[in-house]
DNA sequence: TAAACTGTAACATTTTTTATTACTAAATAA
DNA sequence: TTATTTAGTAATAAAAAATGTTACAGTTTA
């Protein structure tokens with residue numbers, strides 16, 4: 005058995021890039037926009053489809069704008085529309101805009117650096133998750149927003 | 005633009021199977037146990053390596069016990085040891101014991117069923133995530149606990 | 001100039017995750 | 001046989017993350 009001091013490591017880890025509803029919400033928004041490429045859809049309207057607060061829709065739209073995927077028009081009759089060709093936008097790109105990576109999580113606290121396992125566990129998990137990301141990315145790369153949207 | 009009533013759907017969805025630190029903690033526990041296949045390691049000792057509360061370690065161990073992966077001994081000098089051959093236990097099995105599936109999340113509220121997109125979005129996400137799981141599972145299937153443990 | 005929008009900040013609430021305390025029961029060693 | 005160390009577990013607390021709300025300034029259009 006390894007022996008090490010059982011000090012308490014307070015410091016937390018910032019690996020976290022947890023999944024929330026961000027991807028689902030973003031793809032929902034984009035699917036709607038894709039259905040009406042010539043209309044500016046309001047956040048209120050989109051929110052009504054997702055069943056979500058319009059402010060949260062606008063926040064995701066702000067993210068999409070930062071990536072130049074959509075454009076918005078302020079003022080009356082304003083709203084948001086797609087700014088890219090949906091056949092060229094892949095789910096991989098959408099994924100990357102909403103998550104950094106896919107992973108199976110890390111323990112919250114820093115593992116004990118005096119333990120051989122604790123010292124390397126995150127590094128080894130990183131490697132595992134990196135492989136995982138490659139596989140998932142390859143899959144998502146093969147699906148365009150148009151493909152996804154055509155399923156509806 | 006689709007038109008639909010903007011009622012508010014309160015009902016939530018139970019898809020959720022979010023990732024926390026469970027997988028990381030479980031694999032950490034199993035790696036330690038694998039390093040000392042003949043010792044009963046206490047939850048206190050394991051907790052000292054993960055830097056986690058011992059009660060939480062015992063909870064994960066309870067889960068492992070339910071899957072007959074480890075066995076425990078109560079009382080003084082008690083603890084937990086592996087009950088399976090680590091070369092035959094795959095990360096896929098460990099993954100399945102701690103998560104049901106991998107996914108990129110769902111919006112929290114039920115989407116609007118009066119909207120063609122809202123009505124089908126979760127079904128289409130499900131299909132996407134199912135493919136994802138297959139790829140990830142195939143990867144994890146190829147790695148045994150022994151393989152993982154040998155990296156340390 | 002009123003109305004309908006976006007953009008954003010600030011704050012509140014809810015949900016999830018992690019931590020703690022406290023206790024019972026079991027096994028061992030002295 | 002008794003003190004000690006351990007698992008097992010329930011109940012509760014605290015922390016963190018996600019989601020929701022309110023409010024309001026700025027923009028555009030009719």
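Chains as they are written, first to last, in this note's numbering: chain A, 5 to 156; chain B, 5 to 156.
Ideal placement from N, C-alpha and C gives every residue a C-beta, glycine not left out.
Here residue 88 of chain A carries a coil assignment [DSSP, helix/strand/coil]. Close CB contacts of residue 91 of chain A within its chain, under the 7 Å cut and outside five residues either way in sequence, are with 148, 150 (chain order). Of all residues in the region 68–79 of chain A, none places a beta-carbon less than 8 Å from a beta-carbon of chain B. Here residue 113 of chain B carries a strand assignment [DSSP, helix/strand/coil]. In the structure shown, the three-state DSSP call for residue 78 of chain A is coil. Runs of alpha helix (DSSP H) with 4 or more residues, each lying fully within the region 22–59 of chain B, are found at 26–39, 47–54, listed in chain order. Taking the Cα of residue 72 of chain B as reference, the smallest distance to any Cα among B:129, B:112, B:88 is reached at B:88.
Bounds of any alpha helix (DSSP H) do not take in residue 108 of chain B, whose DSSP letter is neither H nor E. The residue from A:134, A:120, A:140 with its alpha-carbon nearest to that of residue 154 of chain B is A:120. In the DSSP assignment, residue 122 of chain A falls within the unbroken alpha helix (DSSP H) covering 120–145. Residues of chain B with a Cβ closer than 7 Å to the Cβ of residue 53 of chain A are, in chain order, 115, 116, 119, 121, 122.
Residue nearest to residue 127 of chain A within the set A:97, A:70, A:107, A:152 is A:107 (criterion: CA-CA distance).
The CB of residue 35 of chain A comes closer than 8 Å to the CB of 121, 125 in chain B, given here in chain order. Under the 7 Å criterion on CB atoms, residue 29 of chain B is classed as interfacial with respect to chain A. A distance below 8 Å between beta-carbons, with the five flanking residues on each side excluded, links residue 41 of chain A to the following residues of its chain, in chain order: 85, 86, 90.
Residue-level contact by beta carbon fails for residue 86 of chain A and chain B, as no gap is shorter than 7 Å. From the beta-carbon of residue 151 of chain A, no residue of chain B is found nearer than 7 Å; the closest lies around 10 Å away.
Sequence-ordered contacts of the region 128–140 of chain B with chain A read 128, 129, 135, 136, 139, 140 [C-beta pairs closer than 7 Å].
By the Cβ rule, the region 47–54 of chain A counts as touching the region 27–39 of chain A, because three or more pairs are nearer than 8 Å. By the 16-neighbour rule on beta-carbons within 10 angstroms, residue 26 of chain A is buried.
At a cut-off of 7 Å, the C-beta of residue 109 of chain A has a neighbouring C-beta in chain B. Against residue 143 of chain A, the close residues of chain B are 135, 136, 139, in the order they occur along the chain (beta-carbon pairs closer than 8 Å).
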